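Protein chains in written order, with my numbering: chain A, 128 to 379; chain B, 60 to 541. Just so it is clear, CB atoms sit at the ideal spot from N, CA and C, and this is done for glycine as well. Quantities reported herein were computed from a predicted structural model and do not represent experimental measurements.
Encoded structure:
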């Protein structure tokens with residue numbers, strides 16, 4: 128049997144010794160559109176960064192299709208939070224999307240005509256062809272978000288990690304984006320999406336991960352996205368974990 | 060999916076038009092040509108010895124400036140502009156240790172020492188920041204000052220006065236001596252070159268080579284380090300590589316041009332280029348060009364007013380930056396003023412059109428004269444010019460009894476009045492404003508409502524044929540043609 132897209136085993140992640148994610152055990156099923164849901168500071172972004180090897184693990188391991196991440200980079204597409212980059216950077220929308228092809232090019236090789244075609248096709252599938260040559264500051268928030276989405280498409284991945292692709296986006300873009308994500312899922316891709324709007328989880332996604340410093344629940348929407356689990360995720364019963372984390376940080 | 064959505068999206072965020080670009084380009088071209096002719100004329104007046112000295116100084120300064128300006132772009136974009144300043148100071152202990160080992164000012168040892176000290180600075184600052192929780196600016200500030208001080212202590216303690224800190228030299232370098240004093244020269248093969256050129260030249264070539272080779276890696280790791288790292292281009296390693304280049308550039312340039320110019324040239328051309336361009340490759344070219352230009356202009360100016368060359372070059376760079384601030388297409392003061400003036404002019408023109416339209420709508424025979432129309436929109440230069448351009452465009456025509464709208468003027472005016480009255484209706488319907496509150500806001504907003512928004516308002520209104528005051532709302536262009 129093929130290994131699952133992502134398998135996390137007993138993973139703990141800490142910043143400055145303070146744990147922000149505790150003992151996560153998680154297996155993501157293939158070909159699902161998965162929402163990561165939880166309150167602010169629950170470690171949603173950290174979960175993605177830990178899987179992508181961007182923050183060190185305090186313990187545990189992560190495997191993508193049965194291999195460590197550094198051997199599976201080419202299978203991964205990444206959409207960071209919009210605020211994480213400098214939009215005054217002197218690049219056009221097309222330049223940003225081209226960056227999605229860099230991973231497969233490897234060191235030293237420059238992007239050529241083939242990569243340009245890939246990038247233009249990605250821009251087209253998010254309806255941004257007209258804006259290809261525009262500097263990215265001159266795009267609206269929704270357009271910037273779509274450029275990031277196109278860049279992830281250009282990575283031509285099997286698993287996509289998206290950190291709040293709907294933040295600062297108008298309703299029309301949000302709907303178009305959801306259709307695109309669902310199309311990717313139909314093509315057998317796995318998508319992990321950090322999502323803030325509890326109202327739309329049921330409508331957009333088919334799988335959910337409820338996170339609040341530890342894994343509260345993970346599974347299909349119908350069985351997992353329940354009032355009880357939401358209460359456990361958002362309810363204020365986490366004082367022990369928070370205090371323990373603080374104690375570790377202080378070293379007492 | 061996105062296709063239907065894209066069509067209705069407004070294109071208000073239009074990129075600067077070609078006309079804009081071309082007048083800027085023409086202006087710069089004219090100024091540069093005039094300056095070049097003046098420069099050549101002046102240069103030919105100099106005697107032979109002066110010419111040779113100036114040429115060498117300019118060459119050394121230009122090579123140094125371009126070497127700094129290229130790596131400077133990446134420093135600026137990574138928000139590390141002050142790293143150049145920091146490295147220019149903190150390489151000192153490395154240089155001193157290299158001197159102690161080599162026993163002389165050997166260029167090879169100097170490079171190694173500077174490289175080690177430069178990387179140590181970057182590493183210490185980074186570690187303090189990440190592990191120690193010290194803010195990035197504070198950690199860098201502490202590290203470079205401490206290392207610089209360590210360098211001073213080492214000089215006093217171990218070199219026994221063999222090196223004395225010549226502050227003039229530290230600040231301003233030996234640029235003024237290049238090409239004059241022959242003991243600053245070095246034989247390379249059959250050529251007699253200034254020593255400084257022998258150290259700066261290879262660094263320029265190295266910078267260009269590394270940036271060319273790792274172009275996309277530097278680009279992606281500067282823009283989005285997380286993505287770069289996830290793709291396997293470790294942003295951390297590229298950071299140290301860049302720091303190594305900056306340290307080498309700093310040391311090589313240091314002797315030639317002194318600390319002021321090194322620090323200035325790492326930041327100023329890059330900042331100028333950032334204002335003027337929106338592509339990374341263009342930014343590097345413009346930055347190098349600005350470096351070159353400041354070198355030539357600064358050396359000539361220094362000769363003219365007989366002051367320190369390095370300082371003059373740095374001041375010239377600052378002045379060029381000032382010009383860029385005024386003229387930059389995106390953020391420039393002049394551009395903003397012009398843009399505002401164009402909007403004001405458009406509003407005045409549109410107000411006149413709408414006024415004439417309302418007058419004709421009343422179906423009286425009365426027509427206004429030019430003076431009256433100009434006075435009605437507030438008079439002044441802008442109003443006169445607005446009327447003149449309406450007449451020139453053929454939106455308004457002169458008749459024997461005054462002014463009247465042409466067909467095209469009438470078409471534009473009807474859409475303005477449509478915007479105005481739709482907005483009034485919208486305010487009354489959805490915001491519940493009383494009738495006497497809706498005219499003025501509509502008067503302001505009518506200039507900014509486009510066809511798409513008008514249709515959206517129509518869709519939100521129960522009826523869109525009469526405004527709240529009972530006046531007819533003109534049809535949309537498609538309807539009126541039928």
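{"Check": "For a contact meaning CB atoms closer than 9 angstroms, what does residue 349 (chain B) contact in chain A?", "Outcome": "Those within 9 angstroms of residue 349 (chain B) in chain A number zero; the least Cβ separation is about 15 angstroms."}
{"Check": "Since residue 327 (chain A) meets chain B, which of its residues come closer than 8 angstroms, beta carbon to beta carbon?", "Outcome": "Those do not exist, as residue 327 (chain A) stays about 17 angstroms from chain B at its closest Cβ, beyond 8 angstroms."}
{"Check": "Relative to the C-alpha of residue 312 (chain A), which residue among A:342, A:140, A:159, A:142 is closest?", "Outcome": "A:159"}
{"Check": "Within the continuous alpha helix (DSSP H) that includes residue 532 (chain B), where are the two ends?", "Outcome": "Where residue 532 (chain B) is concerned, there is no enclosing alpha helix (DSSP H), given that its DSSP letter is neither H nor E."}
{"Check": "Between which two residues does the alpha helix (DSSP H) holding residue 251 (chain A) run?", "Outcome": "240-252"}
{"Check": "Any idea if residue 123 (chain B) is buried or exposed, counting beta-carbon neighbours within 10 angstroms, 16 or more meaning buried?", "Outcome": "buried"}
{"Check": "What three-state label does DSSP hand residue 508 (chain B) in the structure shown?", "Outcome": "coil"}
{"Check": "Which same chain residues end up closer than 7 angstroms to residue 316 (chain B) when comparing Cβ atoms and leaving out the 5 residues on each side of it in sequence?", "Outcome": "120, 123, 232, 234, 369"}
{"Check": "I want to verify the contact list: residues of chain A whose CB lies under 9 angstroms from the CB of residue 276 (chain B), in sequence order.", "Outcome": "229, 234, 235"}
{"Check": "Check each candidate in B:431, B:477, B:492, B:394 and name the one with the smallest Cα separation from residue 462 (chain B).", "Outcome": "B:431"}
{"Check": "Give the residues from the region 179-209 of chain A that approach chain B closer than 9 angstroms (Cβ to any Cβ), ordered along the chain.", "Outcome": "179, 180, 181, 196, 197, 200, 201, 203, 205, 207"}
{"Check": "Between A:136, A:267, A:358, A:235, which has its C-alpha nearest residue 186 (chain A)'s C-alpha?", "Outcome": "A:136"}
{"Check": "When you compare only the Cα positions, how much space is there between residue 145 (chain B) and residue 513 (chain B)?", "Outcome": "57 angstroms"}
{"Check": "Which residue or residues does DSSP assign as beta-bridge partners of residue 266 (chain B)?", "Outcome": "Its beta-bridge partners do not exist; DSSP assigns none."}
{"Check": "Label residue 217 (chain B) either buried or exposed according to how many other C-beta atoms from any shown protein chain fall within 10 Å of its C-beta, with 16 as the threshold for buried.", "Outcome": "exposed"}
{"Check": "Which residues in the same chain have their Cβ closer than 6 angstroms to the Cβ of residue 166 (chain B), if we skip the five residues on either side of it in sequence?", "Outcome": "258"}
{"Check": "Would you mind working out which of B:289, B:196, B:179 sits nearest residue 282 (chain A), comparing C-alpha positions?", "Outcome": "B:289"}
{"Check": "Determine whether the Cβ of residue 325 (chain B) lies closer than 7 angstroms to any Cβ atom of chain A.", "Outcome": "no"}
{"Check": "Below 8 angstroms CB to CB, which residues in the same chain sit around residue 239 (chain A) once its five sequence neighbours on both sides are set aside?", "Outcome": "none"}
{"Check": "Closest to residue 311 (chain B) by CA distance: which of B:110, B:266, B:406 is it?", "Outcome": "B:266"}
{"Check": "Nearest-angstrom Cα distance between residue 222 (chain A) and residue 162 (chain B)?", "Outcome": "50 angstroms"}
{"Check": "Which residue comes first and which comes last in the alpha helix (DSSP H) that contains residue 469 (chain B)?", "Outcome": "466-490"}
{"Check": "Going by Cα to Cα distance, which pick from B:140, B:190, B:294 is closest to residue 180 (chain A)?", "Outcome": "B:294"}
{"Check": "I believe residue 210 (chain B) touches residue 151 (chain B) by the beta-carbon criterion, under 8 angstroms. Please report the beta-carbon distance rounded to the nearest angstrom.", "Outcome": "3 angstroms"}
{"Check": "Please report the distance separating the alpha-carbon of residue 136 (chain B) from that of residue 217 (chain A).", "Outcome": "9 angstroms"}
{"Check": "Going by DSSP, what residue range makes up the alpha helix (DSSP H) through residue 361 (chain A)?", "Outcome": "354-361"}
{"Check": "Exposed or buried, residue 313 (chain B), counting other C-beta atoms within 10 Å across all chains shown (16 or more means buried)?", "Outcome": "buried"}
{"Check": "Let me make sure I understand the geometry here. Which of B:202, B:498, B:181, B:426 has the alpha-carbon closest to that of residue 526 (chain B)?", "Outcome": "B:498"}
{"Check": "Taking all protein chains shown into account, decide if residue 393 (chain B) is buried (16 or more other Cβ within 10 angstroms of its Cβ) or exposed.", "Outcome": "exposed"}
{"Check": "Can you pull the DSSP bridge partners for residue 151 (chain A)?", "Outcome": "A:138"}
{"Check": "Three-state secondary structure (DSSP) at residue 179 (chain A)?", "Outcome": "coil"}
{"Check": "How far does the beta strand (DSSP E) with residue 290 (chain A) in it extend, from its first residue to its last?", "Outcome": "286-290"}
{"Check": "Since I believe residue 335 (chain A) is in contact with residue 328 (chain A) (beta carbons under 8 angstroms), could you give me their beta-carbon distance rounded to a whole number of angstroms?", "Outcome": "6 angstroms"}
{"Check": "Pair every Cβ in the region 499-508 of chain B with every Cβ in the region 477-484 of chain B, then say whether three or more of these pairs are closer than 8 angstroms.", "Outcome": "yes"}
{"Check": "Would a check of beta-carbon distances place residue 507 (chain B) closer than 7 angstroms to chain A?", "Outcome": "no"}
{"Check": "Are the region 370-378 of chain B and the region 320-340 of chain B touching by the rule of at least three beta carbon pairs closer than 8 angstroms?", "Outcome": "yes"}
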